[in-house]
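As structure tokens, the structure follows; a few thoughts come after it.
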Ligand SMILES: NC(=O)C1=CN([C@@H]2O[C@H](COP(=O)(O)OP(=O)(O)OC[C@H]3O[C@@H](n4cnc5c(N)ncnc54)[C@H](OP(=O)(O)O)[C@@H]3O)[C@@H](O)[C@H]2O)C=CC1
Ligand SMILES: C[C@H]1O[C@H](OP(=O)(O)OP(=O)(O)OC[C@H]2O[C@@H](n3cnc4c(=O)[nH]c(N)nc43)[C@H](O)[C@@H]2O)[C@@H](O)[C@@H](O)C1=O
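Numbering (full-length UniProt numbering), first residue to last: 1 to 325.
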């Protein structure tokens with residue numbers, strides 16, 4: 001199976017073609033919608049979860065039969081941080097398998113030209129070589145706190161590959177690293193680390209608390225990518241990549257959780273102390289992705305972690321805090 005940029009299956013999309021962005025109100029989907037609008041795409045097909053529950057196979061089939069989108073970006077999923085993944089394993093495996101199987105199969109059946117599936121860096125083995133190349137997939141045991149979600153995401157990559165091999169259908173997969181930005185989930189327990197800390201530091205600053213408690217040991221390393229960069233990479237892949245293998249999408253910017261906590265503390269302006277809750281899991285010790293394949297196709301990220309944090313905090317103040325007053 002050829003892995004080419006600009007192969008027969010890949011063509012630069014017509015900007016008036018109908019593009020279905022599944023999950024358009026989430027962190028990733030909303031950034032992809034902003035990027036598509038910015039690039040001049042005029043015919044976006046959008047449905048809220050309440051309007052179309054993607055776990056319902058018959059509804060998904062009717063939707064595709066009626067709407068006949070030309071391209072699909074699948075950014076709808078059950079998503080959460082380490083605590084949510086560890087607490088709701090059945091939801092993370094079942095909902096994600098259902099959504100992706102329904103959407104991929106219906107898209108294929110109803111003549112979609114190209115589909116982009118999004119996985120996650122947690123698909124790789126817990127002790128994968130660093131930085132992690134695409135070829136590390138399925139070479140070792142997974143991190144237990146998110147293995148259910150990872151198994152669903154691995155099945156998504158394999159489903160895209162199977163449809164490509166059997167039907168010569170243009171389904172591709174992108175593997176984003178840890179993301180952050182506007183429209184993130186700021187839930188105190190179920191969110192990812194960056195929005196969780198932003199909220200906790202902000203609330204501590206407002207209440208005059210002396211200490212903010214951060215989970216785990218502070219030693220795990222994480223690579224963060226601003227969601228606007230991710231959205232840019234997704235459209236880049238949709239327009240230019242057509243290959244069997246999934247593509248890593250990272251920033252190359254890696255920090256320890258302790259460094260992240262100190263950076264968020266500074267951006268928010270909290271002047272108290274940091275405490276550590278060692279009863280909470282650390283998860284994977286390190287997951288820096290090797291994004292050289294994407295770089296070799298011509299894509300590079302633009303937003304630094306410090307600038308991205310400042311912009312996200314402004315967004316949080318204007319949209320989450322202001323809305324709750
Ligand atoms: N956030 C991150 O750090 C990372 C995310 N990713 C991947 O990016 C993709 C998007 O994640 P992200 O934007 O963060 O997630 P969000 O939780 O912010 O958004 C997910 C979206 O999917 C929708 N959705 C969930 N279930 C259903 C359903 N049954 N039917 C229809 N819509 C549904 C949600 O709608 P509603 O809220 O109404 O339920 C929401 O709009 C996922 O595939 C995720 O795995 C990959 C790596 C890192
Ligand atoms: C994107 C990725 O996200 C998940 O994996 P993760 O990278 O481990 O996610 P996380 O952001 O929740 O935590 C990162 C680190 O940060 C520490 N940490 C400190 N304090 C808080 C805190 O307050 N909240 C959270 N959530 N973590 C905290 C936490 O203990 C851990 O060491 C996957 O489940 C999976 O969904 C996936 O693909």
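Cβ coordinates follow ideal geometry from the N, Cα and C atoms, glycine included. Source: prediction; values computed, not measured.
Quick check: residue i and residue j, are their CB atoms within less than 9 Å of each other?
i: residue 248; j: residue 302; result: no
i: residue 82; j: residue 119; result: no
i: residue 263; j: residue 222; result: no
i: residue 216; j: residue 257; result: yes
i: residue 176; j: residue 225; result: yes
i: residue 201; j: residue 152; result: no
i: residue 48; j: residue 34; result: no
i: residue 211; j: residue 114; result: no
i: residue 183; j: residue 74; result: no
i: residue 181; j: residue 308; result: yes
i: residue 55; j: residue 99; result: yes
i: residue 246; j: residue 134; result: yes
If I follow the unbroken alpha helix (DSSP H) through residue i, where does it start and stop?
i: residue 207; result: 193-207
i: residue 50; result: Where residue 50 is concerned, there is no enclosing alpha helix (DSSP H), given that its DSSP letter is neither H nor E.
i: residue 62; result: 57-67
i: residue 100; result: 89-109
i: residue 316; result: 305-316
Take residue i and list the residues in its own chain whose beta-carbon comes closer than 8 Å to its own, dropping the five residues that flank it on each side.
i: residue 53; result: 59
i: residue 5; result: Note on residue 5: pLDDT 47, under 50, position unreliable in the model; no value is reported.
i: residue 392; result: Only positions 1 to 325 of the chain appear in this structure, which leaves residue 392 out of reach.
For the beta strand (DSSP E) containing residue i, list its first residue and its last residue.
i: residue 254; result: 254-256
i: residue 71; result: 71-74
Assuming residue i contacts residue j under a Cβ cut-off of 8 Å, what Cβ separation, rounded to an integer in Å, is found between them?
i: residue 109; j: residue 64; result: 7 Å
i: residue 230; j: residue 31; result: 7 Å
i: residue 45; j: residue 18; result: 5 Å
i: residue 130; j: residue 317; result: Wrong, their Cβ atoms sit about 35 Å apart, outside the cutoff.
Kindly list the residues whose CB is nearer than 6 Å to the CB of residue i, restricted to its own chain and excluding five residues on each side of it in sequence; keep chain order.
i: residue 299; result: 233 and 236
i: residue 146; result: 85 and 122
i: residue 282; result: 216, 217 and 220
i: residue 78; result: 91, 92, 95 and 96
i: residue 169; result: 108 and 163
i: residue 61; result: 106
Residue i bridges to which residues according to DSSP?
i: residue 286; result: 221
i: residue 273; result: 211
i: residue 226; result: 180
i: residue 114; result: 71 and 170
i: residue 233; result: None; residue 233 has no bridge partner.
i: residue 20; result: 45 and 72
i: residue 247; result: 174
i: residue 32; result: DSSP, once it has assigned bridges, lists no residue as partnering residue 32.
i: residue 132; result: 289
Cutting at 7 Å between CB atoms, please list the residues of its own chain near residue i, excluding the five before and the five after it.
i: residue 313; result: 198, 267 and 268
i: residue 8; result: Confidence is the limiting factor: at residue 8 the pLDDT is only 42, short of 50, which leaves the residue's position unreliable and the question unanswerable from this model.
i: residue 280; result: 215 and 216
i: residue 101; result: 159
i: residue 323; result: none
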